[in-house]
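Worksheet: one structure, shown below.
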Amino acid sequence: MSGTRSPSPKEPVTEALIVSHGQPSRPQAGEDHLNVLARQVARQLDGWVIRSATLAAPGTLERAIDACAGTPLVFPLFMTDGWFTQTALPARLANFNAYQLPPLGTLPELPGLTARVLCRAIERRNWLMEATDILIAAHGSPNGSRAARCTYRFATALRRVLPVRDIRTGFLEEPPHLASAAAGSHQQTVEIPFFAAPGGHVREDIPLALDSAGFQGVRLPCIGQAAFIPELIANSLRNASIRSEAA
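In my numbering, the protein residues as written are 1 to 247.
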């Protein structure tokens with residue numbers, strides 16, 4: 001059966017599985033991080049069962065779906081709708097009853113919520129909004145443009161709700177590379193990683209690129225660490241469940 005099969009409309013869906021890429025070099029660390037998030041989301045959804053699994057830990061995804069009593073909603077903790085959400089995850093779900101939702105980075109509420117985080121960072125420093133730049137650090141892909149397009153759509157939506165001087169985007173895996181995008185940044189620049197979790201790219205690769213560019217601005221945690229993320233995921237699951245009942 002298809003991994004994109006819709007849930008039965010006969011009764012509400014109250015089971016969900018949050019799936020991320022994980023950390024291939026440290027699979028258990030990725031599982032532990034995601035499990036914490038799943039518990040935070042579960043606290044927002046009374047009566048729901050929220051599980052988690054990474055693609056990097058062998059067999060974890062399949063065991064988690066097997067544990068579900070019905071047709072679970074699968075929430076991809078990815079920032080772009082690229083190869084992992086279009087190909088890798090559906091292939092892993094192909095033999096199960098499961099309904100895959102849009103990934104975190106494409107949710108329409110994300111730019112507005114992120115803008116609030118950036119506004120607070122700017123206001124804490126008593127900076128003028130119109131004199132501040134935003135630098136988005138993203139992954140990108142050397143094998144296609146889908147990831148970059150998702151990132152640019154986010155940046156465009158962010159620009160509509162955040163009246164800063166400029167918003168630039170730099171990638172780790174494709175041009176314009178982060179080091180180039182960060183070069184020449186003035187001190188009144190706020191950098192935020194367009195990443196779902198604080199893995200190796202966030203901990204090591206982004207700081208290395210920023211350091212090499214002499215970046216002197218403010219460095220924020222990745223979007224996936226924002227306090228609003230559990231509630232945002234819970235709302236996405238709740239809305240998907242309501243839609244399945246109305247189908």
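Ideal placement from N, C-alpha and C gives every residue a C-beta, glycine not left out.
Closest by CA to residue i, which one among the options?
{"i": "P102", "options": "R243, S244, S236, I242", "result": "S236"}
{"i": "A179", "options": "G217, D211, R165, L232", "result": "D211"}
{"i": "G22", "options": "G59, T132, G47, E15", "result": "G59"}
{"i": "Q248", "options": "Y99, Q216, P24", "result": "No statement about residue 248 is possible, as the shown extent of the chain runs from 1 to 247 and does not include it."}
{"i": "T14", "options": "S20, Q44, G214, L232", "result": "Q44"}
{"i": "I122", "options": "V190, P90, I229", "result": "V190"}
{"i": "V117", "options": "R92, V161, A94, S145", "result": "V161"}
Thinking C-beta only, is residue j closer than 8 angstroms to residue i?
{"i": "T151", "j": "I136", "result": "yes"}
{"i": "A138", "j": "F84", "result": "no"}
{"i": "L55", "j": "A88", "result": "yes"}
{"i": "A250", "j": "P27", "result": "Nothing about residue 250 can be reported from this structure: the residues present for the chain run from 1 to 247 only."}
{"i": "T114", "j": "I223", "result": "yes"}
{"i": "Y99", "j": "L128", "result": "no"}
For residue i, count neighbouring Cβ atoms within 10 angstroms of its own Cβ and tell me buried if that reaches 16, exposed if not.
{"i": "E204", "result": "exposed"}
{"i": "I242", "result": "exposed"}
{"i": "S244", "result": "buried"}
{"i": "R39", "result": "exposed"}
{"i": "R125", "result": "exposed"}
{"i": "A69", "result": "exposed"}
Quick one: Cα of residue i to Cα of residue j, how far?
{"i": "F194", "j": "M79", "result": "7 angstroms"}
{"i": "N252", "j": "P111", "result": "Residue 252 lies beyond the range of the chain shown here (1 to 247); nothing can be said about it."}
{"i": "L77", "j": "A196", "result": "6 angstroms"}
{"i": "E231", "j": "N239", "result": "12 angstroms"}
{"i": "V164", "j": "C119", "result": "9 angstroms"}
What did DSSP end up calling residue i once you bin it into helix, strand or coil?
{"i": "L73", "result": "strand"}
{"i": "G112", "result": "helix"}
{"i": "S8", "result": "Confidence is the limiting factor: at S8 the pLDDT is only 47, short of 50, which leaves the residue's position unreliable and the question unanswerable from this model."}
{"i": "V161", "result": "helix"}
{"i": "D211", "result": "helix"}
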